[in-house]
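Positions 898 to 1108 (the working numbering) are the ones given, in order, by the sequence shown. The beta-carbon is built from N, C-alpha and C at its ideal position, and this holds for glycine as well.
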Amino acid sequence: MTISLFSSIILISSITYLYAIKRKKQMLIYILKPATMLIIILFALTSTPSTYAWWIIIGLLFSLLGDIFLMVPKDRFLQGLASFLTAHVCYIIAFLQIQLQKELNVLVSVSLVAIALIYFIRLVKGKRFTGGSPLKFAVFTYILLITSMVWVSILTENLFIILAAFLFYFSDATLAWDRFIKPLKYRNYLVMSTYFLAQYLFSLSIHKVVL
């Protein structure tokens, strides 16, 4: 399949998933959430094999596992968090396979750290944050990893990778706000549209990155 054909299928699957959310079609939601990720993974697998490609694919697989944990009726938040944390580690390792710029603007680095710390403090002070120290440690570690992923993505100077990283960051930040601070009316649409687009761009980057 061509890039354009895969892209079209992923777009249709994503939009259908959002439609299922709107219509509260639970069975369709359970099918399309992992199915969309599977299509994105298949898209990645059509690329030329490389170390970069395999680390991205492994990250996509852990993301799929995280989706499943968060989707099941019983709360598996920590298991989902661990799966996505592992995915971010895989993405960071993938980015390190690319020729990175030697240094990043100090202001950008300081801004990323400041945003991460402020957001972490805001989350743990949220009215709905009831997990105690273990959850605080897990959330802190996750924010540290996803912020590091964004930081390394900027060093790649690759537009697909940078945009994907920031979209993933926004998706997770929205999900965390809804869970720990205040329910958001359009949470599912904001979280999943940016999430699917981020994963698609990571997959697309395999086809576009020149190592």
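Residue i vs residue j beta-carbon contact at 8 Å
i, j, result
"Phe974", "Leu967", "yes"
"Ala991", "Tyr949", "yes"
"Ile906", "Ile936", "yes"
"Met1089", "Leu978", "no"
"Ser1102", "Phe940", "no"
"Leu957", "Ile938", "yes"
Assigned secondary structure, residue i (DSSP; H/G/I helix, E/B strand, else coil)
i, result
"Pro931", "helix"
"Phe1077", "helix"
"Gln994", "coil"
"Arg897", "With the chain represented from 898 up to 1108, any question about residue 897 goes unanswered, as that position is not in the structure."
"Phe1063", "helix"
"Tyr1083", "coil"
Residue from the options whose Cα sits closest to the Cα of residue i
i, options, result
"Ile1018", "Phe1037, Leu1004 and Leu908", "Phe1037"
"Ser1050", "Thr1071, Phe903 and Ile953", "Ile953"
"Met934", "Phe903, Thr945 and Lys919", "Phe903"
"Leu997", "Leu1014, Leu958 and Trp1048", "Trp1048"
"Ile878", "Ile995, Pro931 and Gln923", "Lying before the first or after the last residue shown, residue 878 is absent from the chain, which here runs from 898 to 1108."
"Leu1001", "Ile1015, Phe959, Glu1054 and Cys987", "Glu1054"
"Tyr988", "Val1005, Leu1014, Ile1059 and Lys999", "Ile1059"
Contact between the stretch 1000-1016 and the stretch 1031-1047 (3+ Cβ pairs under 8 Å): As far as the Cβ criterion goes, the stretch 1000-1016 touches the stretch 1031-1047, which means the pair count is three or higher.
Cβ contact check for the stretch 1015-1030 and the stretch 1086-1102: 3 or more pairs under 8 Å: With the cut-off at 8 Å, the stretch 1015-1030 and the stretch 1086-1102 do not touch.
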